[in-house]
Amino acid sequence: MKLICIGRNYVAHIEELKNERPTDPVIFLKPDTAILLKKQPFFIPDFSNDVHHEVEVLVRINRVGKYIDKKFAHKYYDEIGLGIDFTARDLQSKLKEKGLPWEKAKSFDGAAVIGKWISKDSLPDVQNLNFRLEKNDEIVQDANTSLMLWQIDEIIEYVSKYFTLKIGDVIFTGTPAGVSKVSAGDKLKGYLENKEMFSINVK
Ligand code: ZN
Numbered sequence: 004m005k006l007i008c009i010g011r012n013y014v015a016h017i018e019e020l021k022n023e024r025p026t027d028p029v030i031f032l033k034p035d036t037a038i039l040l041k042k043q044p045f046f047i048p049d050f051s052n053d054v055h056h057e058v059e060v061l062v063r064i065n066r067v068g069k070y071i072d073k074k075f076a077h078k079y080y081d082e083i084g085l086g087i088d089f090t091a092r093d094l095q096s097k098l099k100e101k102g103l104p105w106e107k108a109k110s111f112d113g114a115a116v117i118g119k120w121i122s123k124d125s126l127p128d129v130q131n132l133n134f135r136l137e138k139n140d141e142i143v144q145d146a147n148t149s150l151m152l153w154q155i156d157e158i159i160e161y162v163s164k165y166f167t168l169k170i171g172d173v174i175f176t177g178t179p180a181g182v183s184k185v186s187a188g189d190k191l192k193g194y195l196e197n198k199e200m201f202s203i204n205v206k
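Per the working numbering, the sequence shown starts with residue 4, numbered consecutively.
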């Protein structure tokens with residue numbers, strides 16, 4: 004399975020990193036080895052001094068598909084989740100400056116947190132979901148999926164032009180504003196519609 008991640012999908016986050024607003028979605032992949040194993044802490048890698056949390060709504064693909072029209076995209080997922088796209092921001096900035104790929108900053112072991120899954124049917128409109136991240140019991144990221152530049156069904160249409168989607172693939176739909184550095188000893192908790200989706204200790 005693969006993790007397909009969308010960058011720059013919330014205006015306020017694009018502004019906080021002083022990035023350009025893209026005309027097409029920014030896409031990158033993480034390998035399955037990036038998934039943080041259940042109940043394990045997140046260890047800050049020794050090659051970074053500035054790892055950021057990026058809380059993101061996740062979509063789990065349940066059918067094989069290619070060239071999926073956005074009208075039919077809703078048939079390709081029935082579970083929504085919440086996770087973290089951990090990013091070594093210092094390394095990413097260097098790679099961006101040189102126009103190099105971001106994998107070393109984004110796809111290292113443990114860089115993808117995947118929390119619980121919730122049936123789409125038990126949720127309100129997927130484009131109107133509240134979600135937030137708490138760091139040491141303080142809210143650091145707080146947003147709603149209505150703020151996405153590209154909605155979930157548009158992301159599926161766009162991504163499936165390039166990559167065949169397979170059962171179990173996970174889409175990270177981009178982070179809202181409020182990203183910040185994590186430090187050893189931090190506790191990160193994610194909530195979707197007020198339900199706790201994950202709890203991670205940083206070491
Ligand atoms: Zn991200």
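Where a beta carbon is used, it is the ideal one built from N, C-alpha and C, also for glycine. Small disclaimer: the values here were computed from a predicted structure and weren't measured.
| Item | Value |
| --- | --- |
| Excluding five sequence neighbours on each side, which residues of the same chain lie with their C-beta closer than 6 Å to the C-beta of K119? | M200 |
| The alpha helix (DSSP H) spanning V58 covers which residue range? | It is not in any alpha helix (DSSP H) - V58 instead sits in the beta strand (DSSP E) that spans 58 to 64. |
| Between which two residues does the alpha helix (DSSP H) containing V29 stretch? | No alpha helix (DSSP H) contains V29, which is instead part of the beta strand (DSSP E) from 29 to 33. |
| Please confirm if the region 12 to 29 is in contact with the region 126 to 141, defined as three or more CB-CB distances below 8 Å between the two stretches. | no |
| With a threshold of 7 Å (Cβ to nearest heavy atom), would T178 be considered close to the ligand ZN? | yes |
| Quick one: is N12 buried, meaning 16 or more other Cβ sit within 10 Å of its Cβ, or exposed? | buried |
| Nearest to D140 by CA position, among G10, I203, F75, is which residue? | I203 |
| Shortest alpha-carbon distance to V62 belongs to which of L191, T148, D53, L136? | T148 |
| For V173, write down the residues that DSSP places opposite it in a beta bridge. | L6, R63 |
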